[in-house]
Amino acid sequence: MSEAGKNGLTYSDAGVDIDAGNLMVEKIKPAVRSTRRPGADGEIGGFGGLFDLKAAGFNDPILVAANDGVGTKLKIAIDANRHDTVGIDLVAMCVNDLVVQGAEPLLFLDYYATGKLDPEQGAAIVLGIAEGCRQAGCALIGGETAEMPGMYSEGDYDLAGFAVGAAERGKLLPAGDLAEGDVILGLTSSGVHSNGFSLVRKIVTLSGLGWDAPAPFADGKTLGEALLTPTRIYVKPLLAAIRNTGALKALAHITGGGFPDNIPRVLPDHLAAEIELSNIPVPAVFSWLAKTGGVAPNEMLRTFNCGVGMIVVVSAENAKTVTDALAAEGETVVQLGRIIAREEGGAGTVYKGTLGL
1 MSEAGKNGLT
11 YSDAGVDIDA
21 GNLMVEKIKP
31 AVRSTRRPGA
41 DGEIGGFGGL
51 FDLKAAGFND
61 PILVAANDGV
71 GTKLKIAIDA
81 NRHDTVGIDL
91 VAMCVNDLVV
101 QGAEPLLFLD
111 YYATGKLDPE
121 QGAAIVLGIA
131 EGCRQAGCAL
141 IGGETAEMPG
151 MYSEGDYDLA
161 GFAVGAAERG
171 KLLPAGDLAE
181 GDVILGLTSS
191 GVHSNGFSLV
201 RKIVTLSGLG
211 WDAPAPFADG
221 KTLGEALLTP
231 TRIYVKPLLA
241 AIRNTGALKA
251 LAHITGGGFP
261 DNIPRVLPDH
271 LAAEIELSNI
281 PVPAVFSWLA
291 KTGGVAPNEM
301 LRTFNCGVGM
311 IVVVSAENAK
321 TVTDALAAEG
331 ETVVQLGRII
341 AREEGGAGTV
351 YKGTLGL
C-alpha cells in the first residue's frame with residue numbers, strides 16, 4: 001500500500017458523517033419553519049438565530065432564560081425505540097420554568113448529541129421539539145447536532161434545551177404581596193412528566209415487565225408508550241390567565257424535588273404552603289409505581305409531581321376568577337391548599353390529609 005493509501009483517512013472513517021447531518025437538517029426544516037412567530041422569521045442554517053423583541057410587541061422587556069434536559073426518561077425512549085415525544089419534554093421543562101416567572105417564551109435552541117447520527121431518529125426528536133415549541137408559542141431558532149463517536153454507546157443520545165422569554169418590566173412573578181390566607185390551586189399533570197425516571201426504571205426492572213408489555217395502569221398502551229407520555233406545557237393557559245385576570249401572585253413548576261422543594265422557592269421565608277393531599281387526583285401511574293416499588297408517600301411527594309404539575313397562588317377573593325379563567329383554557333384545576341405562617345425553622349411545605357395512592 002502506498003503512503004497516500006495509508007494516510008488517506010477521512011472524517012467519515014473516524015465515525016463522523018457530515019452527509020447524515022446535512023440530510024437531517026433538510027428533514028427538519030419544515031418542522032422548524034412551523035414554529036415561526038412574530039419576532040422570529042429566519043431560516044435555520046446560519047451561525048446564530050435572530051429575534052426581534054420589538055416585533056414581538058415588547059416595550060421595556062426583561063429577558064428570562066432557562067435551560068434543562070430530559071433526564072433518564074431518554075433511556076426509556078432509546079430502549080422502547082420511540083423518539084417522537086421526548087422533544088416535547090425538552091421544551092416543556094424549559095418553558096414551564098419561564099412562565100412561572102410571568103415570562104412569555106420567545107425562542108428555543110436545542111443541543112442533540114449522539115455517538116452515530118441516525119437522520120431518521122434525529123428528525124423524529126426535532127419534530128417533537130418543534131411540536132413543543134408550537135404548544136408553547138416560541139420559535140425554534142437554532143440548535144446543534146453533535147456526532148461524537150466514542151462518547152456515547154451505540155443508540156444512545158442526550159438532549160439539552162435552552163429557552164429565552166420576556167416580560168414587561170414590573171410584571172415578573174412572584175409578586176411581592178403574598179400573604180397568609182392566599183389560596184393554592186393545582187393544575188393537573190399528564191403523568192410522570194420528566195422527573196424521577198431513574199427510580200421509575202428501577203421499579204420497572206423490579207416489575208419484570210418489558211417496555212412493549214401492556215401498561216398495567218393505562219388501557220391500550222404499552223408500558224414504554226405510557227411512561228413516555230410527554231410533559232404538559234402550561235404556557236398558553238397561564239399567560240392567558242395572567243393577562244386576563246391580573247390576579248396570579250405566584251407560580252411553581254413541580255419538577256424534581258416535588259412539592260417540598262419547589263413550592264418554597266416562590267415563597268418568602270415567613271410563609272409556608274399547607275397542602276391538602278386528599279384533594280390531589282393521583283393518576284394511576286403513580287399508584288402503580290408506589291405499590292410496585294414499595295415507595296412511601298413522602299418519598300413519592302419528593303420525587304414526583306403525583307398528579308399536580310403546576311401550582312398557582314392567588315388571593316382568596318380571586319380564586320374563583322382565576323380557576324374559571326384556567327378552566328376556560330382547558331386546564332383541570334384543583335383547590336390544593338392555602339398559604340400559612342411558617343413556624344420558626346419549620347418546613348416551607350406542610351401536609352394535611354393522605355395522598356390517594
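Position 244, counted from 1, in the sequence shown is what the UniProt record's numbering calls 244; the numbers after and before it change by one each time, with no gaps.
In this text, a Cβ means the ideal position worked out from N, Cα and C, and glycines have one as well.
Computed from a prediction, not measured in an experiment: that's the story for all the values here.
Cβ of V32 within 8 Å of Cβ of L172? Indexing the sequence shown from 1 puts residue 32 at position 32. Indexing the sequence shown from 1 puts residue 172 at position 172. No, these two residues do not count as a Cβ contact at 8 Å.
Per DSSP, what kind of secondary structure is L173 in: helix, strand or coil? By one-based count along the sequence shown, residue 173 stands at place 173. In this structure, DSSP gives L173 a state outside helix and strand, which the three-state scheme calls coil.
Taking L239 and A163 to be in contact with their CB atoms under 8 Å, please state how far apart those CB atoms are, rounded to whole angstroms. For the purposes of this step, residue 239 is identified with residue 239 of the sequence shown, where counting begins at 1. For the purposes of this step, residue 163 is identified with residue 163 of the sequence shown, where counting begins at 1. The Cβ separation is near 14 Å, so there is no contact.
Return the residue from the list E225, V350, T229, D118 that minimises the CA-CA distance to G15. Counted from its first residue, the sequence shown places residue 15 at position 15. G15 has its Cα closest to that of D118, out of E225, V350, T229, D118.
By the DSSP assignment, the beta strand (DSSP E) with M310 in it spans what residues? The count along the sequence shown starts at 1 and reaches residue 310 at position 310. Note, M310: beta strand (DSSP E), 308–314.
Check whether the segment 195–205 and the segment 66–81 touch, using three or more Cβ-Cβ pairs below 8 Å as the test. At 8 Å Cβ cutoff, the stretches touch.
In chain order, which continuous runs of the beta strand (DSSP E) of length 3 or greater are located wholly inside the segment 186–240? none
Just how far apart, CA to CA, sit M1 and L9? To locate residue 1, count along the sequence shown from 1; it is residue 1. To locate residue 9, count along the sequence shown from 1; it is residue 9. Per-residue confidence for M1 stands at a pLDDT of 47, beneath the threshold of 50, marking its modelled position as unreliable; no derived number is given.
Go ahead and pull the three-state DSSP assignment for S2. Walking along the sequence shown from the start, residue 2 turns up at place 2. For S2, the predicted structure reports a pLDDT of 47, less than 50, and the residue's modelled location is therefore unreliable. A value from the coordinates is still provided. In this structure, S2 counts as coil in the three-state DSSP scheme.
Backbone CA spacing between R232 and N7 [nearest angstrom]: For the purposes of this step, residue 232 is taken as residue 232 along the sequence shown, with counting starting at 1. For the purposes of this step, residue 7 is taken as residue 7 along the sequence shown, with counting starting at 1. The straight-line gap from Cα to Cα measures roughly 53 Å.
Contact between the segment 145–161 and the segment 83–96 (3+ Cβ pairs under 8 Å): yes
Write down the C-beta distance between K353 and E274 rounded to the nearest angstrom, noting that I regard them as a contact closer than 8 Å. Working through the sequence shown from its first residue, we reach residue 353 at position 353. Working through the sequence shown from its first residue, we reach residue 274 at position 274. Here the sequence assigns Gly to residue 353, which means Lys is not the residue at that position. Rounded, the Cβ-Cβ distance is 10 Å, inconsistent with contact.
Checking 8 Å against the spacing of the C-beta atoms, do L357 and A290 come in under that value? Taking the first residue of the sequence shown as position 1, residue 357 is located at position 357. Taking the first residue of the sequence shown as position 1, residue 290 is located at position 290. Taking 8 Å as the Cβ cut-off, L357 and A290 qualify as a contacting pair.
Give the single residue among E147, G348, A175 whose Cα lies nearest to the Cα of N262. Locating residue 262 in the sequence shown gives position 262, where the first residue counts as 1. Nearest C-alpha to N262: G348.
Alpha-carbon to alpha-carbon, N59 and E167: As a working note, residue 167 is residue 167 in the sequence shown. As a working note, residue 59 is residue 59 in the sequence shown. According to the sequence displayed, residue 167 carries Ala and not Glu. Rounded to whole angstroms, A167 to N59 spans 10 Å at the Cα level.
To the nearest angstrom, how far is the alpha carbon of G142 from that of A40? Here residue 142 refers to the residue found at position 142 when the sequence shown is read from its first residue. Here residue 40 refers to the residue found at position 40 when the sequence shown is read from its first residue. Taking the straight line from one Cα to the other gives about 11 Å.
Grouping DSSP H, G and I as helix and E and B as strand, with all else coil, what is D158? Within the sequence shown, numbered from 1, the residue matching residue 158 stands at position 158. In this structure, D158 counts as strand in the three-state DSSP scheme.
DSSP three-state call for F286: helix, strand or coil? Translated into positions along the sequence shown, residue 286 becomes position 286. Correct three-state label for F286: helix.
Who are the near neighbours of I242 in its chain, counting only those whose CB is closer than 7 Å to its CB and skipping five residues on each side? If you number the sequence shown from 1, residue 242 lands on position 242. Correct list, in chain order: G102, L248.
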